[in-house]
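Engineer: The structure follows.
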Amino acid sequence: AYTEQLQAALEFIRDGNRFLVVSHVQPDGDAISSTIVVGWILRQLGKQAVLINEGAVPIRLHYMESSASIINYSKQPLEETFDRIIAVDCADFRRIGRVSERFAESAQLLNIDHHPTNDAFGTANLIRIDAAATVEILYDLIEHGAISLDREVATAIYTGLLTDTGGFRYSNTTPRVMQVAARMLAEEVEGHWIANHLLEQMTKPQLLLLQRGLNRLTFSDDNRIAWLYVAFSDMAETGAVGDDLEGLVNYAVNVEGVDVGILFKETENGDVKVSMRSSGKADVSAIAQTFGGGGHVRAAGFRLEQGIQEAIGKVVQVASEALNL
Ligand code: 5GP
Ligand code: MN
Ligand code: MN
Numbered sequence: 012a013y014t015e016q017l018q019a020a021l022e023f024i025r026d027g028n029r030f031l032v033v034s035h036v037q038p039d040g041d042a043i044s045s046t047i048v049v050g051w052i053l054r055q056l057g058k059q060a061v062l063i064n065e066g067a068v069p070i071r072l073h074y075m076e077s078s079a080s081i082i083n084y085s086k087q088p089l090e091e092t093f094d095r096i097i098a099v100d101c102a103d104f105r106r107i108g109r110v111s112e113r114f115a116e117s118a119q120l121l122n123i124d125h126h127p128t129n130d131a132f133g134t135a136n137l138i139r140i141d142a143a144a145t146v147e148i149l150y151d152l153i154e155h156g157a158i159s160l161d162r163e164v165a166t167a168i169y170t171g172l173l174t175d176t177g178g179f180r181y182s183n184t185t186p187r188v189m190q191v192a193a194r195m196l197a198e199e200v201e202g203h204w205i206a207n208h209l210l211e212q213m214t215k216p217q218l219l220l221l222q223r224g225l226n227r228l229t230f231s232d233d234n235r236i237a238w239l240y241v242a243f244s245d246m247a248e249t250g251a252v253g254d255d256l257e258g259l260v261n262y263a264v265n266v267e268g269v270d271v272g273i274l275f276k277e278t279e280n281g282d283v284k285v286s287m288r289s290s291g292k293a294d295v296s297a298i299a300q301t302f303g304g305g306g307h308v309r310a311a312g313f314r315l316e317q318g319i320q321e322a323i324g325k326v327v328q329v330a331s332e333a334l335n336l
C-alpha cells in the first residue's frame with residue numbers, strides 16, 4: 012500500500028500547477044528540510060511552489076540557501092488562498108498553525124509525515140511511521156519518481172535525517188537511514204560541517220539559558236522523573252531566542268536512572284509549552300495525548316493554559332502515575 016501512496020503522491024503533484032508547502036509551527040530541522048525538499052521536487056517537475064511556515068526558520072538552518080525562500084507568515088501576511096497544499100512533518104492539522112487560514116475551502120491536501128500519531132488528515136496521505144524523518148519519505152518519493160539528486164536537495168535530506176535521529180544516535184537510526192545518508196554524502200554534502208554546526212556549537216545565550224535551566228533541575232522522590240523550567244523573563248535576560256531551548260530537555264532525561272525528562276517553558280502570554288523525553292521505558296506520547304498533545308514514544312509535547320508552577324505539579328503527577336502503573 013505504501014507504493015500506492017507514493018504513486019498517488021506523485022499524481023497529486025502532477026495534477027496541480029501551484030502548491031503551498033507548509034510544515035509545523037516552531038519548525039525543527041526535519042520540518043524546514045522537508046519544506047525545502049518538497050519545493051525542490053516541485054521545481055524539478057516544473058511546478059510552482061510557495062514555501063511557508065507560521066514562524067521563522069531557525070537561524071542555524073540558514074546554511075540551506077532555499078530556507079530564505081520560506082515565507083514567515085507571522086511577519087509577512089499572504090492574501091492568496093491555495094487549493095493544492097502539501098503539509099510535511101505535521102502529525103495533525105493543528106500543527107500547521109495559522110497558515111491553514113490560506114487554504115481554500117475545498118483545498119486538496121497531501122499529508123506527508125512519519126509520526127505514529129498522524130491522523131491521516133489529508134485528502135491524500137503519504138505516511139510511513141517507521142521512517143526516521145519526513146525527509147526519508149521524501150527520498151522514497153524522489154526514488155519512486157526517478158528524479159536525479161543534486162547537492163542542494165542532498166544537503167536538506169541529510170539535515171533532516173541528522174536532526175531527527177539526534178545525530179544518528181536514536182533508535183530510529185535504521186540501516187536504511189545510514190544507506191540514505193551515505194547516498195547523500197556521495198553528493199558531496201559536508202556532513203562533518205553540518206554535524207559540528209548543528210550538534211556541537213552553542214551560542215552564548217544558549218549556554219546562559221542552560222545555566223539557568225540546570226540551576227532549577229528538580230527530581231522526583233524516586234529519581235525517575237527530572238524536570239527543569241525556563242521563565243519567559245529568562246529569554247530576554249540571556250538574549251536567548253526560541254531555538255536556544257532545543258536540547259535543554261535532554262539534560263534532564265540523560266541523567267542515569269531517569270525515565271522521563273521534562274522541560275517547562277513559560278510563553279509570552281503566561282501559558283506553558285511542555286517538552287517530554289523518555290529513556291525508552293515510558294511512552295511520553297501517551298502522556299502528552301492526555302493533555303491534548305502528541306509525538307513519539309520517546310519525544311512528545313503539548314501546551315497548557317495555566318501558570319508554570321501549576322503545570323509542573325499536574326504534569327509531574329500524571330507522569331509519575333504513568334510510571335507506576
Ligand atoms: P518538542 O518537545 O521538541 O517540542 O517536541 C517533541 C515532539 O513532540 C515533536 O516532534 C512533535 O512530534 C511532538 N509535539 C510537540 N509539541 C506538540 C504539540 O503541541 N502537539 C502535538 N500533537 N505534538 C507535539
Ligand atoms: Mn518535526
Ligand atoms: Mn520529523
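Start counting at 1 in the sequence shown, then tack on 11, and there's your number in the UniProt record's numbering. Quick reminder that beta carbons are idealized off the backbone N, C-alpha and C, glycines included.
I'd like the list of long-range same chain contacts for ILE82, defined as Cβ closer than 8 Å, with 5 residues on each side in sequence excluded.
Structural biologist: For ILE82, where only same-chain residues beyond five positions count, the Cβ hits under 8 Å are VAL61, LEU62, ILE63, ASN64 and LEU89.
Engineer: Tell me, to the nearest whole angstrom, how far the beta carbon of MET75 is from that of THR170; I am working on the premise that it is less than 8 Å.
Structural biologist: The Cβ separation is near 7 Å, so the contact holds.
Engineer: Out of ASP294, GLN320 and PHE30, which has the shortest C-alpha to C-alpha gap to ASP282?
Structural biologist: Here the closest residue by C-alpha is GLN320.
Engineer: Is it the case that the CB of ARG314 approaches a heavy atom of ligand 1 more closely than 7 Å?
Structural biologist: Yes, Cβ of ARG314 sits closer than 7 Å to a heavy atom of ligand 1.
Engineer: Exposed or buried, which one is MET213 when buried takes at least 16 other CB atoms within 10 Å?
Structural biologist: It counts as exposed.
Engineer: Once the 5 residues before and after ASP39 are set aside, which same chain residues still bring their CB inside 7 Å of it?
Structural biologist: Closer than 7 Å at Cβ, skipping near neighbours: THR174.
Engineer: So if DSSP puts ASP124 in a beta bridge, which residue, or which two residues, is it bridged to?
Structural biologist: The partner list for ASP124 (beta bridge, DSSP) reads ILE138.
Engineer: With respect to the beta strand (DSSP E) encompassing SER289, which residues constitute its N-terminal and C-terminal limits?
Structural biologist: From DSSP, the beta strand (DSSP E) with SER289 extends over 283-289.
Engineer: So is THR301 buried or exposed if we call it buried at 16+ other beta carbons inside 10 Å?
Structural biologist: Classification for THR301: exposed.
Engineer: Helix, strand or coil for GLU277 per DSSP?
Structural biologist: Three-state result, GLU277: strand.
Engineer: With three or more beta-carbon pairs closer than 8 Å as the criterion, would you say the region 24-42 touches the region 96-107?
Structural biologist: Because the criterion of three Cβ pairs below 8 Å is met, the region 24-42 and the region 96-107 touch.
Engineer: Buried or exposed, going by whether 16 or more other CB atoms sit within 10 Å of the CB of LEU256?
Structural biologist: The residue is buried, with at least 16 neighbouring Cβ atoms inside 10 Å.
Engineer: Inspect the CB distances between the region 139-151 and the region 105-120 and report whether three or more fall short of 8 Å.
Structural biologist: Output reads no: the region 105-120 does not touch the region 139-151.
Engineer: Please return the same chain residues whose Cβ sits closer than 7 Å to the Cβ of GLY291, not counting the five positions on each side in sequence.
Structural biologist: So the list reads ARG309, once near-sequence residues are dropped.
Engineer: In chain order, what residues of the same chain lie with their CB nearer than 7 Å to the CB of ASP41, ignoring the 5 residues before and after it?
Structural biologist: ASP100, ALA144, THR145, VAL146, GLY171, THR174 and ASP175.
Engineer: Determine the burial state of ALA131: buried for a count of at least 16 other Cβ atoms within 10 Å of its Cβ, exposed for fewer.
Structural biologist: Counting Cβ neighbours within 10 Å, ALA131 comes out exposed, since fewer than 16 surround it.
Engineer: With DSSP collapsed to three states, give me the class of ASN83.
Structural biologist: Strand.
Engineer: In terms of DSSP beta bridges, what is THR229 paired with?
Structural biologist: Partner(s): TRP238.
Engineer: DSSP three-state call for ASP94: helix, strand or coil?
Structural biologist: Of the three classes helix, strand and coil, the one that applies to ASP94 here is strand, per DSSP.
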